[in-house]
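*Asks:* The structure is given below, and queries will be raised subsequently.
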């Protein structure tokens, strides 16, 4: 376990400077640009540097591409557990979250939320599921549990601008994303692909229509 490659060591360290740098970026941008623009630009920094560039450096273009290959069994084994982990969150989001969110929105918010969900869902799966299971394929602790914890804690950073309005506030969101991260990390580890997880993540992100904050002010 302790005979780590530089890629593995870099990935294990990454969640902590990721959290620190993105939180600092959000705060600095907010002071200069105001909350809505800072929120979007902070995500752009997170997407480009951490979610896209880091996996490319650690895995290479071919390694990244392999994570999006289709597989015969998208659920892994046992299939019923994989089906619950993969399909449960997007179905709940579409049936319970989206109907409430869409009643108080506009077509502009729907369009922006769809576009940004496509970016966020794909790139977050690349970093938090794909890169971890690629570099730690045999380690449940590092490839799945640690990755899910990092994914959950990262959600503290954007909340320096817009704290969660959901149950439990900031830490309620962290707990929810930890649970989601554990489910999806298991699927990634069981199947070796993030193709279907990216689709599920996009649906979950879109269903909340959470990018309405960009239209404030």
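In the numbering used here, the protein residues as written are 74 to 290.
Yeah, the Cβ is synthetic: ideal placement off N, Cα and C, and Gly gets one too.
Remember, predicted model here, so these are calculated numbers, not experimental data.
#1: Reducing DSSP to helix, strand and coil, say where residue 213 ends up.
#2: Residue 267 by DSSP, collapsed to three states: which one?
#3: Grab me the residues of residue 127's own chain with a C-beta within less than 7 Å of its C-beta, minus the 5 sequence neighbours each way, in chain order.
#4: Would you report the Cα separation of residue 106 and residue 221, rounded to the nearest angstrom?
#5: Could you round the C-beta distance between residue 187 and residue 279 to whole angstroms and report it? I think they count as a contact, below 8 Å.
#6: On the CB-based measure, 16 or more other CB atoms within 10 Å of its CB, does residue 193 come out buried or exposed?
#7: By Cβ distance, which residues of its chain are closer than 6 Å to residue 206, with the 5 residues on each side in sequence left out?
#8: Report the three-state DSSP secondary structure of residue 195 (helix, strand or coil).
#9: CB-CB under 7 Å to residue 124, same chain, minus the five flanking residues each way: which ones, in chain order?
#10: Within 8 Å, do at least three Cβ pairs link the stretch 250 to 269 to the stretch 133 to 146?
#11: Could you say which of 103, 277 and 108 lies nearest to residue 165 if we only look at CA atoms?
#12: So what does DSSP say about residue 144, is it helix, strand or coil?
#13: Using three-state DSSP, classify residue 230 as helix, strand or coil.
*Replies:* In terms of the structure at hand:
#1: The three-state reading of DSSP puts residue 213 in helix, counting H, G and I together.
#2: When DSSP states are grouped into helix, strand and coil, residue 267 belongs to the coil group.
#3: So the qualifying residues of the chain are 87 and 200.
#4: If you draw a straight line from the Cα of residue 106 to the Cα of residue 221, it comes to about 31 Å.
#5: About 6 Å separates the beta carbons of residue 187 and residue 279, which is inside the 8 Å limit, making them a contact pair.
#6: Classification of residue 193: buried, given that the 10 Å Cβ count is 16 or more.
#7: Excluding sequence positions up to five before and after residue 206, its CB lies within less than 6 Å of the CB of 216, 261 and 262, all in the same chain and listed in chain order.
#8: DSSP places residue 195 within a helical segment (H, G or I) once states are collapsed to three.
#9: Cβ within range, chain order: 196, 197, 199 and 200.
#10: Yes: the two stretches touch, three or more of their Cβ pairs being nearer than 8 Å.
#11: The shortest Cα separation from residue 165 among 103, 277 and 108 belongs to 277.
#12: Reduced to three states, the DSSP call for residue 144 is coil.
#13: The three-state reading of DSSP puts residue 230 in coil, since its state is none of H, G, I, E or B.
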